[in-house]
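**Student:**
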Amino acid sequence: MRDEKAVLAKYGQKKVALIVALLLASLLATGFVWAQKKVQILADGQFYTVKTMYKNPHKILQKAGIALGPEDEIRLSTTGVETGTVIEVFRAVPVTVNFQGKTFTLLTGKPTVREVASQVGVPEDKIKLTPGEDARPVAGMNIRAVVLTEKIEEQEVPDLYQVVRQPDPTLEKGVEEIAQPGENGIKKATVRVRFEDGAKVSADVLSEIVAVSSKPQIIRVGTRDTVDTSRGTMHFRDVRHMEATAYLPTDGSPQGLTATGIAARRGIVAVDPDVIPLGTRVYVPGYGMGLAADVGGAIVGDKIDLCVESSREAWQFGRRIVKVYILAE
5 MRDEKAVLAK
15 YGQKKVALIV
25 ALLLASLLAT
35 GFVWAQKKVQ
45 ILADGQFYTV
55 KTMYKNPHKI
65 LQKAGIALGP
75 EDEIRLSTTG
85 VETGTVIEVF
95 RAVPVTVNFQ
105 GKTFTLLTGK
115 PTVREVASQV
125 GVPEDKIKLT
135 PGEDARPVAG
145 MNIRAVVLTE
155 KIEEQEVPDL
165 YQVVRQPDPT
175 LEKGVEEIAQ
185 PGENGIKKAT
195 VRVRFEDGAK
205 VSADVLSEIV
215 AVSSKPQIIR
225 VGTRDTVDTS
235 RGTMHFRDVR
245 HMEATAYLPT
255 DGSPQGLTAT
265 GIAARRGIVA
275 VDPDVIPLGT
285 RVYVPGYGMG
295 LAADVGGAIV
305 GDKIDLCVES
315 SREAWQFGRR
325 IVKVYILAE
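Residue numbers (my numbering): 5 to 333.
1. Could you check which residue in G69, Y251, A267 and G49 has the C-alpha nearest to that of G300?
2. With a threshold of 16 other CB atoms inside 10 Å of the CB of I266, please say whether the residue is buried or exposed.
3. Looking at C-alpha atoms only, which residue of I330, L310 and S314 is the closest neighbour of R323?
4. Using beta-carbon positions only, say whether V214 and I182 come within less than 9 Å of one another.
5. Under 8 Å: do the stretch 314 to 328 and the stretch 237 to 246 share three or more Cβ pairs, one atom per stretch?
6. Is it the case that the Cβ atoms of V93 and A121 are separated by a distance below 9 Å?
7. Counting beta carbon pairs with one atom in the stretch 41 to 49 and one in the stretch 74 to 91, are three or more of them shorter than 8 Å?
8. Between A207 and the rest of its own chain, which residues show a CB-CB distance below 6 Å, the 5 nearest in sequence each way excluded?
9. By how many angstroms is the C-alpha of L331 removed from the C-alpha of T174?
10. Do D163 and S218 come within 9 Å of each other at the CB atom, strictly closer than that value?
11. Using only the alpha-carbon positions, how far apart do K307 and D276 sit?
12. First and last residue of the beta strand (DSSP E) that includes A274?
13. Within 10 Å of its beta-carbon, does A203 have 16 or more other beta-carbons around it, so buried, or fewer, so exposed?
14. Classify A29 as helix, strand or coil using the three-state DSSP reduction.
15. According to DSSP, is V259 part of a helix, a strand, or is it coil?
16. When the Cα atoms are used, what is the spatial distance from G294 to L282?
17. Only counting the same chain, and skipping five residues up and downstream in sequence, which positions put a Cβ closer than 6 Å to that of T109?
18. Could you tell me which of G290, A296 and D298 sits nearest to E317, measuring between CA atoms?
19. List the endpoints of the continuous alpha helix (DSSP H) containing K63.
20. Specify, as a first and last residue, the run of the alpha helix (DSSP H) that R198 falls within.
21. How far does the alpha helix (DSSP H) with Q320 in it extend, from its first residue to its last?
22. Just the Cα atoms here: how many angstroms apart are Y270 and V312?
23. DSSP state of V326, grouped into three classes?
24. Tell me the DSSP secondary structure of V286 in three-state form.
25. To test your reading of the DSSP string, which unbroken beta strand (DSSP E) runs of 3 or more residues are found completely within the stretch 99 to 171?
26. Is V209 buried or exposed, if buried means 16 or more other CB atoms sit within 10 Å of its CB?
27. Skipping 5 residues on each side, what residues in its chain have a beta carbon closer than 7 Å to that of Y165?
28. Using the beta-carbon count (16 or more within 10 Å), is G113 buried or exposed?
29. In chain order, what residues of the same chain lie with their CB nearer than 7 Å to the CB of G260, ignoring the 5 residues before and after it?
30. Rounded to whole angstroms, what's the CA-CA distance from A274 to R169? Just pull it up for me.
31. Whose C-beta lies closer than 6 Å to the C-beta of T53 among residues of the same chain, with five residues either side of it excluded?
32. Report all residues from its chain with a CB closer than 8 Å to the CB of P127; omit the five preceding and five following residues, and keep chain order.
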């Protein structure tokens, strides 16, 4: 009986030990599975998904067969390695940094221009980086770090005068006269001036007060569209200052005919049709009424040739600037 009890006791102990061993193995296996993390690796333009128990990202990369150079860097998408973490590898590239007259050439794996600039001692405050500070460095990139400064200045600036145009029915249309010349005033302005590496780049007016008021320029603008002639008051649509000469009826044609086929006589004028269309009535002070009915090889632009009756009158008229009223229909 004792031997049977001893055998049973020994068998029970072995059974318990086996159960305990199985439980421990199960727990260890379960813990291993729980400890595994599914992470992603972004390196050299490729995504890799791995399962790992490691918490050290360098160890994870090593196990994944991804080698790092001495200047290569990595960044994690999370604070620590956990399921869903992305480990990104930044390969070192050669870049240059220009700062305060110095050029730094370096091999860097920093992921942003800002971090590269910090490597060579560029401060973060009041600095403008080109390319932008969040840009990713690429091989051969030239990074320019510019020091930004500003100062407040008190300046005197002109207060520009205004131009006031006043209609005046006593003046002919097309005539303008300055009734009062304009004068600039003076404004005292508080200006914020910005500099890049000591060179002025902008100036913004923060406030200003008028120290000396400006004086407007007043221009009288003619609106009268009538002219008094020997035939009474007539309306005109335009007035031009033209170079005038005089010619005889037979100067252009032995038969005394104009380019339009009518007889040349006093009151017929030769014009440039691109300036005054043929058939237009005009009035020339000192000459009288005229009809644009002839042309001439030398009559181009603001020129007019007035037909007169005698050589003496043509000689006395000579060449002069006249006012030509282009009459309304």
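We put the CB at the ideal spot given by N, CA and C, even for glycine.
**Tutor:** The answer reads as follows:
1. Y251
2. exposed
3. L310
4. no
5. yes
6. no
7. yes
8. V195 and V197
9. 19 Å
10. yes
11. 7 Å
12. I272 to A274
13. exposed
14. Bear in mind that the predicted position of A29 carries a pLDDT of just 47, short of 50, making it unreliable; the figure below should be weighed with that in mind. Reduced to three states, the DSSP call for A29 is helix.
15. One point to set straight first is that residue 259 is Gln, not Val, in the sequence displayed. Three-state result, Q259: coil.
16. 11 Å
17. T100
18. G290
19. P61 to K67
20. No alpha helix (DSSP H) contains R198, which is instead part of the beta strand (DSSP E) from G189 to E200.
21. S315 to F321
22. The question names Tyr, yet the displayed sequence has Arg at residue 270. Approximately 5 Å between the Cα atoms of the pair.
23. strand
24. strand
25. 106 to 112, 131 to 134 and 145 to 163
26. exposed
27. G186, E187, N188, S218, K219, P220 and Q221
28. buried
29. P253, T254, A267 and A268
30. 36 Å
31. Q44
32. none
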